[in-house]
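Colleague: The sequence shown maps to residues 1 to 165 in UniProt numbering.
First the structure, then my questions, so here it is.
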Amino acid sequence: MTASVRLAGESATQALGASLAANPAVAASSGMVVHLLGELGMGKTTLVRSYLQGLGWRGRVKSPTYTLIEPYEWAHYRVYHFDLYRLGSPEELEFMGIRDYLNADSLCFVEWPERGQGVLPAADLRLSLTPAHADESARDLRAEAFADGALPWVQALREWEDTPA
């Protein structure tokens, strides 16, 4: 199942992240790996940040570019945001204990997943952000579900696209 939406700019990306977090079926997602694809500056971290803030995270949400991972933990739910851009080799994921993060009560967002190929699990959901050719600030987001748990995300994107601005 797939869905595609046009994001008019950073504020639209933020609105989408908050909308996804407000959707009970999406917010209840756990045990999932979400691959975030897109070049630098496409809005991957912005989407994750607004999703986390929509879930009620009150602390700072920063890019894990230098730390490789940023954890966000609630009593019974965890979100881990990985950025593998600076990963030297996929085997480094084993050294940092990647398997400890992949469990039934966590949602893992992974930027630059291709750098962890061979060690990183396959995506349950893939979100691809690309430039919209008509407008430099606009992005096209394509969602592809590869597991049943990802279907609410794709459905939420379809509903969001149909919402009048």
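Every residue, glycine too, gets a C-beta built ideally from N, C-alpha and C.
All values reported here derive from a predicted model rather than from experimental measurement.
Can you tell me which residues form a DSSP beta bridge with Leu125?
Modeller: For the purposes of this step, residue 125 is identified with residue 125 of the sequence shown, where counting begins at 1. Beta-bridge pairing links Leu125 to Val34 and Ala145.
Colleague: Considering only C-alpha positions, which residue in the set Asp105, Ser19, Met96 and Ser30 is nearest to Val119?
Modeller: Walking along the sequence shown from the start, residue 119 turns up at place 119. When each option's Cα is compared against that of Val119, the closest is Met96.
Colleague: Smallest Cα separation from His133: which of Ser11, Met42, Ala22 and Val26?
Modeller: For the purposes of this step, residue 133 is taken as the residue at position 133 of the sequence shown. Among Ser11, Met42, Ala22 and Val26, the Cα nearest to that of His133 is on Met42.
Colleague: For Ser137, count neighbouring Cβ atoms within 10 angstroms of its own Cβ and tell me buried if that reaches 16, exposed if not.
Modeller: Here residue 137 refers to the residue found at position 137 when the sequence shown is read from its first residue. Flag for Ser137 reads exposed.
Colleague: For Lys62, count neighbouring C-beta atoms within 10 Å of its own C-beta (all shown protein chains included) and say buried if the count is 16 or more, exposed if not.
Modeller: On the sequence shown, residue 62 is found 62 positions in, with the first residue counted as 1. Flag for Lys62 reads exposed.
Colleague: Can you look up Val119 in the DSSP assignment and give me helix, strand or coil?
Modeller: Here the question's residue 119 lines up with position 119 in the sequence shown. Val119: coil per DSSP, three-state reduction.
Colleague: What does the alpha-carbon distance come out to for the pair Pro164 and Asp140?
Modeller: Translated into the one-based positions of the sequence shown, residue 164 becomes position 164. Translated into the one-based positions of the sequence shown, residue 140 becomes position 140. Unreliable positioning characterises Pro164 in this predicted model, as indicated by a pLDDT of 45, which lies under 50. A coordinate reading is not provided.
Colleague: Whose C-alpha, out of Thr13, Leu20, Glu10 and Leu7, is nearest the C-alpha of Val154?
Modeller: As a first step, residue 154 is located in the sequence shown; it is residue number 154 there, counting from the start. When only C-alpha atoms are compared, the closest one is Leu20.
Colleague: Between which two residues does the beta strand (DSSP E) containing Glu94 stretch?
Modeller: In the sequence shown, the residue the question calls residue 94 occupies position 94. Glu94 -> not in any beta strand (DSSP E); alpha helix (DSSP H) instead, spanning Glu91 to Phe95.
Colleague: Helix, strand or coil, according to DSSP, for Leu7 in the structure here?
Modeller: By one-based count along the sequence shown, residue 7 stands at place 7. If DSSP states are grouped into helix, strand and coil, Leu7 belongs with the strands.
Colleague: Ordered along the chain, which non-local residues of its own chain (more than five positions away) have a Cβ less than 7 Å from that of Leu55?
Modeller: Walking along the sequence shown from the start, residue 55 turns up at place 55. Closer than 7 Å at Cβ, skipping near neighbours: Ala21 and Ala27.
Colleague: Within its chain, find whatever has a CB closer than 8 Å to the CB of Asp105; leave out the 5 residues flanking it on each side and keep chain order.
Modeller: Sequence index remark: in the sequence shown, residue 105 carries index 105 (1-based). Excluding residues within five positions, the ones whose Cβ falls inside 8 Å are Ser30, Gly31, His76, Tyr77 and Arg78.
Colleague: Once DSSP output is grouped into helix, strand and coil, what is the label at Thr67?
Modeller: What you label residue 67 is simply residue 67 of the sequence shown in a count that begins at 1. Of the three classes helix, strand and coil, the one that applies to Thr67 here is coil, per DSSP.
Colleague: Which residue from Leu36, Arg6, Pro152 and Gly9 puts its Cα closest to that of Ser128?
Modeller: As a first step, residue 128 must be located in the sequence shown, where it is residue number 128. That would be Leu36, whose Cα lies nearest to the Cα of Ser128.
Colleague: Pull up the DSSP beta-bridge partners for Pro131, would you.
Modeller: One-based indexing of the sequence shown puts residue 131 at position 131. Note: Pro131 sits in a beta bridge opposite Arg139.
Colleague: Rounded to whole angstroms, what is the Cα-Cα separation between Tyr80 and Ala3?
Modeller: Numbered from 1 along the sequence shown, position 80 holds the residue referred to as residue 80. Numbered from 1 along the sequence shown, position 3 holds the residue referred to as residue 3. Their Cα atoms are separated by approximately 24 Å.
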